[in-house]
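Comments concern the structure below.
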Amino acid sequence: RDGKQWIDDLEARERDRTGIDSLKVGYNSVHGYYIEVTNPNLESVPDDYQRRQTLKNSERFVTPELKEREDQIVGAEERADEREYELFCDVRREIADEVERVQGLADALATLDALVSLATAAAQYDYCRPEILERDGSQTLEIEGGRHPVVERTQESFVPNDARFASDRRLAVITGPNMSGKSTYMRQVAQIVLLAQVGSFVPASAARLTPVDRIFTRVGASDDIAGGRSTFMVEMDELATILREADEHSLVLLDEVGRGTSTADGMAIAQAITEHLHDQVGATTLFATHHHPLTELADDLAAAFTLHFDVDQEDGEVVFHHEITPGAATGSYGVEVATAAGVPENVVERSRELVAASDDDESTTDSSEDTDADAAPEPNEVTQSPATADGGDVPTDVAAELRALDLAHLTPVEALTELDRLKQLLEE
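Read in the numbering used here, the sequence shown has 339 at position 279, and its numbers run on one by one without any break.
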């Protein structure tokens, strides 16, 4: 501080002595301190000024007094840096001698900080105290008015939902359109369980649960380019881990399993996994899917049940209520969601045509199944294949695949992908 004041005083003194109002004292790392005088005032420079640097519009000078003071200031800064480092080393050595106590204090403060944060959230956002039940061989997970602790803070309003699981009601097959709330619902159940087991209040009106040993999740879709694994392979690897390690005390979340492969394969894999989790593992499971036939498993698996997020259509637009309801969804509304997302109108219209064609095929199939068995062709009878646009017959295998497509439950992109694949088969 004294060095800076001395420089300011020198600048004022030299301006008075030379009569040069624009004179200034500056510093750079190459030339050190200097006195700068603009070219029009060079005639007023005193004889004791020593030229140090020439610039386009000015000259820089130094005086013996300024040079001496520069040595003192720079030397003082170096000594200050050295002293600062010495003090730092002293503190470091003292802390090293007490490292265990310091780390213990840091851990205690971290724990206290986390607990205060949880308590603050509980008080501000109306969390409840969960009831943790003893393990007695049964499973219980009951949540009334559960909320997602993060999503509810980012929305103007949030729709609470209940969750009820028990030993004889432990596998939920959840259906509903995209954006209806399936993924948020599953995540909030897992987060409420996790918060309860770390000793926190939870975002719900009430909660009772038996402790779980682990929470397994298979959500999202991402590949592993560096590891050479496709999205589907990543999904299967994670599912394999879940099926190996989960047990009856685990909580399992599965979101749209099997979407990385063909519709038939994906649904078969999803059903087999669902049956294994129900029959062999016995874990509390939330399974969100767009494969609506999987909802029929609730009729065959004793501890399985269905839930869905319903929507309404008003003036051609989808209205999401984000409210969980017993039973299976009646439709996927994929085309409507695509419209809301801004998919080009021509693609949307083509998707509607494909869905309508699929519905007609299903209706025709249902009618034919109701006819008398005598009207059916004999096993060796040749039946006519559908015709192509140019009058040729559609190959039997392509026709069979086309009829088997469940377009009502495909997303628009999946429907277009299947259409392109079948078109390529016809061209071949």
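For every residue, glycine included, the Cβ atom is placed at its ideal position computed from N, Cα and C.
The C-beta of Leu255 has 16 or more other C-beta atoms within 10 Å across all chains shown, which makes the residue buried. Taken in chain order, the unbroken stretches of beta strand (DSSP E) that lie wholly in the stretch 93-162 and span 3 residues or more are 110-114, 118-122. Look at Leu311 here: in three-state DSSP terms it is strand. Assignment of Val395 by DSSP, reduced to helix, strand and coil, places it in the helix class.
Annotated three-state conformation of Phe218 is coil, per DSSP.
Around the C-beta of Pro263, 16 or more other C-beta atoms lie within 10 Å, and the residue is accordingly described as buried.
Across the structure, Glu137 and Asn88 are spaced so that their CA atoms are roughly 15 Å apart.
Boundaries of the beta strand (DSSP E) around His382: 377-386.
Here Thr270 is buried. Its C-beta has 16 or more other C-beta atoms within 10 Å. For Gly86, DSSP records a beta bridge to Tyr94. Just measuring C-alpha positions, the residue of Glu298, Ile133, Glu478 sitting nearest Ser418 is Glu478. Put simply, of Asp107, Gln113, Glu335 the residue whose alpha carbon is nearest the alpha carbon of Tyr94 is Gln113. The C-beta of Cys149 has fewer than 16 other C-beta atoms within 10 Å across all chains shown, which makes the residue exposed. Between Thr366 and Val279, the C-beta gap is not smaller than 8 Å, which leaves the two residues out of contact. One thing to note: Arg274 has its Cβ within 8 Å of the Cβ of Ser310.
Apart from the 5 residues on each side of it in sequence, Arg195 sits with its Cβ closer than 8 Å to the Cβ of Thr270, Pro271, His309 in its chain, given in chain order. A Cβ-Cβ separation of about 6 Å places Gly86 in contact with Glu96 under the 8 Å criterion. Comparing C-alpha distances from Val253 to each of His208, Gln215, Asn99, Leu231 shows the shortest one belongs to His208. Non-local beta-carbon contacts of Trp66 in its own chain, meaning distances under 7 Å to residues more than five positions away in sequence, involve Arg129 in chain order. Per DSSP, His336 lies in no beta strand (DSSP E) segment; the continuous alpha helix (DSSP H) that holds it begins and ends at 323-336. Nearest Cα to Glu383 within the set Asp141, Leu201, Thr244: Thr244.
For Thr390, there is no enclosing beta strand (DSSP E), as DSSP marks it with neither H nor E.
Note on geometry: alpha-carbon atoms of His350 and Ser322 lie some 13 Å from one another.
Short of 8 Å from the beta carbon of Gly79, and not among the five residues preceding or following it, lie these beta carbons of its own chain, in chain order: Ser104. In this structure Gly394 is buried. Its beta-carbon is surrounded by 16 or more other beta-carbon atoms within 10 angstroms. Residue pairing of Phe365 in beta bridges, as defined by DSSP: Ala232.
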